[in-house]
Structure formats: structure tokens, C-alpha cells
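Numbering (my numbering), first residue to last: 1465 to 1640.
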């Protein structure tokens, strides 16, 4: 599969052949869905927690004796039916993390890239250089290259692209 290589202004410079093993891989909707669910679950913080009867402070002493007062029997002032008491069956902090085998994750990524390649949503830029780390400059360049859609920038790790990373950090639909 051939894709046009464009410069920062969006003009075609040349073409490049995308590897078929990555961009023409078999597409498995179920596998991509499983990877998506894993990604969203791992982003879930799980920091919700409320106090139960045993977590609230106080309430260690029996408020009145068991018999002879005419009132209902009570064992603690921190029961759920008292003001200031704890909740019943409360949410507790937990990890929502899901695991997925590496080969399945890689296959799901190849399938997602194959879908994007089939939809002709892959843009290859010859040189992604920003003179200074300004969000306005990078937002203008991205709107020229991809329009109003979201963008995933894949940058080679061999070179320093600190200005590009800092320029895109404030753009909501751009991930580096």
C-alpha cells in the first residue's frame, strides 16, 4: 500500500510503501474491542470509597442498655440508621486493571492500523519540525494536515522532538 508523503504545508513530496504485515493485517473487530475495553479499564482510577460502620469514628459504646428503656435496641451510634453513621455495602478502592497477552495487543494494534489505512486516514510527514514550542503553530500545522479530526503522532525515538512534544501537549485531540 502506497501513501503520499507530505510536508508541513500539506504539499505532496513523494510516496512511501507501507509494510503489508502491519497495514494490511487481518481485521478482528472482537480483538480490537477487547483491547479498547482493556485500555479504558486501565484508565479507570478506582479511587472511590466511603465509610462503613466500622470506618467511622466513635460509636464504640452502647448508647443505652438493652432492656428496660422502652426504646429500640441499639448497639452503636454509628449504625446506618443514625445521623453520622456509616453506609451499608459501600464502594471501596480497587483496581480495574485488565490484562491481555502481548501478541493479542500487537494484533489488535495492527488491526486498528489496517482499518485506518483502509480508510485512507494515514498521513506521513517528511519532517515534523517546529521552530519554537508554540501550541498555535502546531495546531495550525495539524489542521492543515488532518483537518478537524484527531491525530496520533508517531515520532522516531532516535531524534529529539522536544519542541513538537511540548507544542502538542495542550491540543486536546493530539497524542504523541
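All C-beta atoms in this analysis are idealised placements derived from N, C-alpha and C, irrespective of residue type, glycine included.
For the pair residue 1487 and residue 1581, the CB atoms are nearer than the 7 Å cut-off. Shown here for residue 1484: same chain residues with a beta carbon closer than 8 Å to its own, the five before and five after excluded, namely 1465 in chain order. Under DSSP, residue 1606 takes part in no beta bridge, so it has no partner. Shown here, residue 1626 sits in a helix according to DSSP, grouped into three states. Burial state of residue 1537 is exposed, judged by a 10 Å Cβ sphere holding fewer than 16 other Cβ atoms. Looking at the backbone, the Cα of residue 1494 and that of residue 1579 are separated by about 14 Å. In the displayed model, residue 1563 falls within coil according to three-state DSSP, outside both helix and strand. Beta-bridge partners assigned by DSSP to residue 1639: 1616. Contact between the segment 1548-1562 and the segment 1582-1598 is absent: fewer than 3 CB-CB pairs across the two stretches fall below 8 Å. Shown here, residue 1520 sits in coil according to DSSP, grouped into three states, outside any helix or strand.
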